[in-house]
Amino acid sequence: MTRPLHLIQLVSEQTMPNLLPILRLRPASVTHLVTPRTAARSRHLGDAARAAGIHLRIDVVNLSAMPGIPETCGAVNDAISQARENGGSPVLNFTGGTKLMSIGAYAAAMQTKIPSFYVDTQDDCFVNGGASPEMAVLLDNDWSFTPLRNQIRVDTLAIANGVERVTGGKSWKDALPLARHLFDHHADEAATHEAFHGPAGIFPHGREPRTPADWVKALDRPIPLPPAVGKAATALGLLRDSGGGFLLPDAPREELQHLAANKVPNFHVRYFGAVAPLQAAATFLTGGWWEVIVAEAMAAAGLFRDIRWSCHVGQREGPDMEEDILAVDGVQLAYVSCKRGGAKAKLLPLLEEVRSRANRIGGTFTRRFLAVCEPPRGRTSTNLQQRARELGVHIVTRETVRSPSAFLA
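Numbering (the numbering used here), first residue to last: -18 to 390.
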């Protein structure tokens, strides 16, 4: 009878090299060698494995803050012995930790002649440690990451990085007709933006009503939209057609009137819930439609899986943030921030935010995109492109979004 597989790993702050072997080998149990800086990652990896349908026992071995070769080699040897005593078949991933830790772990594998490997995220493959021919058998002699691609989802990658909650997002397909119209008819899109955020718009310069009473007044204010846009928005449920013009949806009226006339203990919760559909309508028509175009282009490119539009990311019982688009590219997370842009858009500071939020969700291996429908021109564009390259952010524009190469590395 084949002994159950026991995976031994050096846990890193970047969890991709630790997550991929769990998904590929599907071991019965794991030993994680951690330092004080990486201890929390062991729990995150266990949560990610369970999210992927893999239930395993995890033993944690605590090393010093800066383990050297002898300490790591001894700890790995002990883990190998313990695995064998428990009836398991040990295999070692010596990718993580510092170089000295990797050397110590590799030395232990060579001494004990157990299967071992290195995770090469640069070239999307596993590399044989060379201590045992059994490693090729465990991987069916396929050292690529290809067998992993259908196992990895957005939430698996996020959970491995300590994010507890990732929602499935919204379906963008129903919104495609309106989004395509706004994309293909630039004059209608500009007029729609002006009707909402222009000086005479319903929300001039992006300033929304501040009170329930002011929102009630806004419900009855006609929005001068191009007819094709208004009809498509009404069909989508974003607006209503009064016969004399297009208006914001009327469903929140009774709640807003109640909040305007009474003091309620949970005012803020009810207030934000009431105005949410009104804000959603305005947001979609003044730039949110661009997110749908980008999501559609990503799907058409054939490079991405598990594309999630407008999903929420955060902690189970804590705050979360809505992200424009998240997807999986190969075995990496793809993070996309979408902006309408325009002459007054401040995009340069946004690049740092894109890198920070992408790394928080998917780690440093995340592919980062900033999709700008109306990119800046001249010197501002040059500065934006240069800084984007420095931060590893790929810029997609109106001109490039539908190109087959728009999302290639």
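The C-beta atom is built at its ideal place from N, Cα and C for all residues, glycine as well.
Could you tell me if residue i is buried or exposed, where buried requires 16 or more neighbouring beta carbons within 10 angstroms of its beta carbon?
i, result
"Gly211", "buried"
"Gly182", "buried"
"Leu389", "exposed"
"Arg22", "buried"
"Ala209", "exposed"
"Met(-18)", "Here Met(-18) scores only 39 on pLDDT, less than 50, and its place in the model should not be relied on; the value that follows carries that caveat. So Met(-18) counts as exposed."
"Asn142", "buried"
"Thr173", "buried"
"Lys320", "buried"
"Glu235", "exposed"
"Pro185", "exposed"
"His(-13)", "buried"
"Ser223", "exposed"
"Thr76", "buried"
"Thr(-4)", "buried"
"Pro300", "exposed"
Rounded to a whole number of angstroms, what is the C-alpha to C-alpha distance between residue i and residue j?
i, j, result
"Val256", "Val197", "10 angstroms"
"Glu52", "Thr79", "12 angstroms"
"Asn67", "Leu0", "23 angstroms"
"Met82", "Thr16", "11 angstroms"
"Ser453", "Arg368", "With the chain covering -18 to 390 only, the question about residue 453 has no answer from this structure."
"Ala263", "Phe177", "7 angstroms"
"Glu371", "Ser384", "23 angstroms"
"Asn74", "Ala20", "17 angstroms"
"Phe265", "Arg360", "30 angstroms"
"Leu351", "Ala280", "17 angstroms"
"Val408", "Ile342", "This structure cannot settle anything about residue 408, because the visible part of the chain is limited to -18 through 390."
"Leu26", "Ile140", "8 angstroms"
"Arg31", "Thr347", "22 angstroms"
"Arg315", "Gly150", "According to the sequence as given, residue 315 is Ala; it is not Arg. Using only the alpha carbons, I get a separation of about 15 angstroms."
"Asp104", "Val57", "27 angstroms"
Does DSSP classify residue i as helix, strand or coil?
i, result
"Gly182", "coil"
"Met91", "helix"
"Met302", "strand"
"Lys327", "coil"
"Leu228", "strand"
"Glu371", "helix"
"Gly322", "strand"
"Met(-18)", "Confidence in Met(-18) is poor, its pLDDT being 39 and thus under 50, which makes the residue's placement unreliable; the coordinate value appears in the next sentence. The answer is coil: DSSP assigns Met(-18) none of H, G, I, E or B."
"His166", "coil"
"Glu333", "helix"
"Gln238", "helix"
"Ala317", "One detail in the question is off: residue 317 reads as Val in this sequence, not Ala. The answer is strand: DSSP assigns Val317 an E or B state."
"Asn131", "coil"
"Lys151", "strand"
"Asp101", "strand"
Got a sec? Which residues, its chain only, sit under 6 angstroms from residue i by beta carbon, not counting five neighbours each side?
i, result
"Thr378", "Val353, Pro356"
"Trp124", "Cys106, Phe107"
"Arg202", "Ile183"
"Ile50", "Leu81, Ile84, Gly85"
Spatial neighbours of residue i within its chain, please: CB distance less than 7 angstroms, with the 5 preceding and 5 following residues excluded, ordered by chain position.
i, result
"Ala33", "Leu4, Gln132, Thr137"
"His239", "none"
"Thr345", "Gln(-5)"
Is residue i near the ligand ATP, in the sense that its beta carbon is under 7 angstroms from a heavy atom of that ligand?
i, result
"Met47", "This structure lacks the ligand ATP; in fact it carries no ligand of any kind."
Excluding the 5 residues flanking residue i on each side, which residues of the same chain have their C-beta closer than 8 angstroms to its C-beta?
i, result
"Gly373", "Arg336, Arg349"
"Thr381", "Ala387"
"Gly69", "Arg(-16), Pro(-15), Leu(-14), His(-13), Ala9, Ser10"
"Ala326", "Lys320, Val353, Glu355, Pro357"
Would the segment 211 to 228 count as touching the segment 276 to 290 if we require 3 or more Cβ pairs under 8 angstroms? No, because fewer than three Cβ pairs between the segment 211 to 228 and the segment 276 to 290 fall closer than 8 angstroms, the two stretches do not touch.
Touching by the beta-carbon criterion (3+ pairs, under 8 angstroms), the segment 114 to 122 and the segment 87 to 99: Segment contact: the segment 114 to 122 against the segment 87 to 99, three or more CB-CB distances shorter than 8 angstroms; contact assigned.
Assess contact between the segment 293 to 302 and the segment 236 to 255, defined as three or more Cβ pairs (one per stretch) separated by less than 8 angstroms. Is contact present? No: fewer than three Cβ pairs fall under 8 angstroms.
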